[in-house]
Amino acid sequence: MSARSVQLSSSPLLASKTPVWRSKFIVAAIALGFLGLMARAIYVQVIANDFFIRQGEVRFARTLTLPANRGRVLDRNGVLLASSVPAPSIWANPDEMDRDQLKERELARLLDMSTAELERKLKDDEKTFVWLRRQLDESVVKEILALGIKGVYDIKEYKRLYPEGEAAAHIVGFTNVEDQGQEGVELVFQKQLSGQAGSRRVIKDRFGRVVEDVGETVPPVDGQDLQLSIDSKVQFFAYQKLREAVLEHKAKAGSVVVLDAQSGEILALANYPSYSPAKRVNLSGEQLRNRALTDTFEPGSTMKPFAVSLALEKGIVKPETPIQTAPGRINITGSTITDAHPHGMLTVSEVIQKSSNVGTVKMAMQMQAHDMWEMFTQVGFGQKPQLPFPGVVAGRLRPYKTWRPIEQATMSYGYGISASLFQVARAYTIFARDGEVVPSTLMKTEHQVAGTRVISAQHAKSMRKMLQMAAGPGGTAPKAQTMGYSVGGKSGTARKQEGKGYASKKYRGFFVGMAPIEAPRIVVAVMIDEPSNGRYYGGEVAAPVFSQTVQQTLRLLGVQPDMAVKPQVVAHAVEESF
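When the letters of the sequence shown are read in order and numbered with numbering that gives the first Met the number 0, they come out as residues 0 to 577.
#1: What is the DSSP secondary structure of P321, reduced to helix, strand or coil?
#2: Return the chain-ordered list of same chain residues with a C-beta closer than 7 Å to the C-beta of Y157, the five sequence neighbours on each side being excluded.
#3: According to DSSP, is Q382 part of a helix, a strand, or is it coil?
#4: Rounded C-beta distance between L258 and I521? I'm assuming under 8 Å.
#5: Among all the DSSP beta bridges, which residues are the ones paired with K278?
#6: Please report the straight-line C-alpha distance between K582 and S354, rounded to a whole angstrom.
#7: Please classify M37 as buried or exposed, where buried requires at least 16 neighbouring CB atoms within 10 angstroms.
#8: Out of M462, S485 and S531, which one is the CA nearest neighbour of Y506?
#9: Excluding five sequence neighbours on each side, which residues of the same chain lie with their C-beta closer than 6 Å to the C-beta of K278?
#10: Leaving aside the five residues before and after R425 along the sequence, list all residues of the same chain whose C-beta is less than 6 Å from its C-beta, in chain order.
#11: For A570, does the three-state DSSP call read helix, strand or coil?
#12: Ends of the alpha helix (DSSP H) at E143?
#13: To which residues does DSSP link M374 through a beta bridge?
#14: Tell me the rounded alpha-carbon separation between A493 and N76.
#15: Taking the alpha-carbon of V129 as reference, which of D111, I154 and S113 has the nearest alpha-carbon?
#16: Is it a yes or a no for the stretch 412-420 touching the stretch 375-395, going by three-plus beta-carbon pairs under 8 Å?
#17: Quick one: is F375 buried, meaning 16 or more other Cβ sit within 10 Å of its Cβ, or exposed?
#18: Excluding the five sequence neighbours on either side, which residues of its own chain have a C-beta within less than 6 Å of the C-beta of G358, listed in chain order?
#19: For L466, which residues from the same chain have a beta carbon less than 8 Å from its beta carbon, with the 5 sequence-adjacent residues on both sides left out?
#20: Should G183 and D221 be called a contact, given that it needs their Cβ atoms to be closer than 8 Å?
#21: Whose CA, out of L135, L34, E137 and V255, lies closest to the CA of Q422?
#22: Of all the options G491, S461 and R452, which has the alpha carbon lying nearest to the alpha carbon of G580?
#23: If I follow the unbroken alpha helix (DSSP H) through Y238, where does it start and stop?
#24: When you compare the CB positions of S262 and Q447, do they come within less than 8 Å of one another, or not?
#25: How far does the beta strand (DSSP E) with E497 in it reach, from first residue to last?
#26: Which residues bound the alpha helix (DSSP H) around K149?
#27: Measure the Cβ-Cβ separation of E312 and H169 and say whether it is below 8 Å.
#28: Let me know if Q100 comes out buried or exposed under the rule of 16 or more other beta-carbons within 10 Å of its beta-carbon.
#29: Quick test of the definition: if touching needs 3 or more C-beta pairs under 8 Å, does the stretch 356-372 touch the stretch 396-411?
#30: Among the candidates S455, Q181, R432 and R290, whose CA atom is the shortest distance from the CA of I527?
#31: Taking C-beta to C-beta, are L146 and L106 nearer than 8 Å?
#32: Please return the same chain residues whose Cβ sits closer than 6 Å to the Cβ of F509, not counting the five positions on each side in sequence.
#33: Helix, strand or coil for P85? Go by DSSP, reduced to three states.
Right, here's the structure in full:
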């Protein structure tokens, strides 16, 4: 021990005397370091902690969206036209996943995709969020979660169901996968239907698990329900009969509008071709178009009742006034207007019954262009219908000051003017409502609405009798006769325009009418576009759809039959003039 002590004490380093200030300096430096760390900790955690709290929240705090349940769309009787059901979606965090091939094959099967497709979705392991499949059945989601694959999660979502399918597709429309309306009332009433999403602020750990709620949870506000004026049974029946007629006559398309003449409610608005809102693969514009509102055409002979009723209103003629239509043609400023067949002397009522162009033109040319334009405007031609639908058109009605005599003549029988089928149907309410045009609505109403007077009740009733003749024996559309109910209406057939002229063998056939004739409850308009199976007159292709739709609709509305329950159908109709 002593020898070792001597050796240590003999070391020059140990033998040298260390200054006291150096040790004090080292101790002071260490103390200052601790004080600095303490000051920094106080600054970070107490004085200026907002920034660091935000940074922590960015890494671990998340705001979870609590989706609102989209409102339902109902028909007038409370039948569901659109509703939302839970449809969870599956997502993954590739960075967390354990790549088990057996489990991934089973996952791909449940997701209804190939293993290669699943691999493509998961190949970027730097991503922390990848959608695997949206809006699955809950039973499938349970099977997926039961696989226990780390990094695969579900999230609550809803998908839209459309029980009426393609029959009501053009009215209801559809939503996309984000629950945003894309067509129909789903688009127009997006704000009311969607409601307001809620939120939940949480802290998640590095595995994405919620470990703590932060702040208050804002509950979602569900969307409002919409009750439409549509009757789903009337809608379905009208669509089926329209579809059958389009296929039977090998037509390009067709439309049907059913209006309640008392309330102005739209009971049905059907188009064919249509689509299934739940299966929208490879949709075309032909399928999506709501033709009854977006397509315009020259209405043909369905315009004649307006010209004749104005002549009655002006006192130019009476229903029994004779008009010479021989020899079946008339010349207006160098242009010749003809009837399909010469009729000779006709009364005003027979002019409507036989659909005489010559007789109509002779009355129209006794009136001022301004008076005709004013009446057409009052019943809605040339004006955009006040309906909440995308793509609703106004049609074309030129200012009367620009009309030439030949144009005034042709407008009286439906050429030189364009309108949608809905506009024509609404215009006919002046005959059903004793001279008043009725505002139309897509929303259910509980009472009769006030109309706007256009012609007198007396002349409206006279016109209904003429329309009854046109839809009866000796008229242009006896096939419009309906079992148990009296009907009246006007057929029309118009050549289709192509470029600056008219196609030689392309037509549209129409029928617009009402029932029961003494106190009309409904107005029904039918259009068949380009029938090509040998028949194209409106009385042949459109009137039968009118007949079937009227019978079913009045029965569903509880309207009592006003005639003996037997059809009054004549084998052949009088051909219409173009």
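Beta carbons are placed, not taken as given, at the ideal position from N, Cα and C, and that holds for glycine.
Taking the definition as stated:
#1: Under the three-state reduction of DSSP output, P321 falls in the strand class.
#2: These residues qualify, in order along the chain: P66, N68, R69, S83, V84, P85, A86 and D178.
#3: The answer is coil: DSSP assigns Q382 none of H, G, I, E or B.
#4: That belief holds up - the Cβ atoms of L258 and I521 are roughly 7 Å apart, short of 8 Å.
#5: Note: K278 sits in a beta bridge opposite S275.
#6: Because residue 582 is not part of the residues shown, which for the chain are 0 to 577, the question remains open.
#7: Exposed: under 16 other Cβ atoms inside 10 Å.
#8: Residue S531 is the option with its Cα nearest to Y506.
#9: None.
#10: Excluding sequence neighbours, R425 sits near G379 and S439.
#11: Low confidence applies here, because A570 scores a pLDDT of 46, under 50, leaving its location unreliable; read the following figure in that light. DSSP places A570 in coil when its eight states are reduced to three.
#12: Here residue 143 turns out to be Ile, not Glu, going by the sequence shown. E137 to A145 is the extent of the alpha helix (DSSP H) around I143.
#13: The beta-bridge partner set that DSSP reports for M374 is empty.
#14: About 37 Å.
#15: Comparing Cα-Cα distances from V129 to each of D111, I154 and S113, the minimum goes to I154.
#16: Touching, per the Cβ criterion.
#17: F375 counts as buried, since at least 16 other C-beta atoms from the protein chains shown sit within 10 angstroms of its C-beta.
#18: If we look at G358 and ignore the five residues flanking it on each side, its Cβ neighbours are I322, T324, L345 and V350.
#19: Within the same chain, L466 has close Cβ partners P304, I351, F430, G487, G488, K489, G512, M513 and I516.
#20: A distance of 8 Å or more separates the beta carbons of G183 and D221.
#21: Selected option, being the one with the closest Cα: V255.
#22: In this structure the chain extends from 0 to 577, so residue 580 is not present and cannot be described.
#23: Following the DSSP letters along the chain, one finds Y238 inside the alpha helix (DSSP H) bounded by residues S231 to E247.
#24: The answer is yes: Cβ separation under 8 Å.
#25: First-last of the beta strand (DSSP E) with E497: G487 to E497.
#26: DSSP places K149 outside any alpha helix (DSSP H), giving it a letter other than H or E.
#27: The Cβ atoms of E312 and H169 lie no closer than 8 Å to each other.
#28: Flag for Q100 reads exposed.
#29: Proximity of the stretch 356-372 to the stretch 396-411 meets the contact definition, three or more beta-carbon pairs being nearer than 8 Å.
#30: The residue among S455, Q181, R432 and R290 with its C-alpha nearest the C-alpha of I527 is R290.
#31: Between L146 and L106, the C-beta spacing is below 8 Å.
#32: Excluding sequence positions up to five before and after F509, its CB lies within less than 6 Å of the CB of T301, G491, M526, G537 and A541, all in the same chain and listed in chain order.
#33: Here P85 sits in strand by DSSP.
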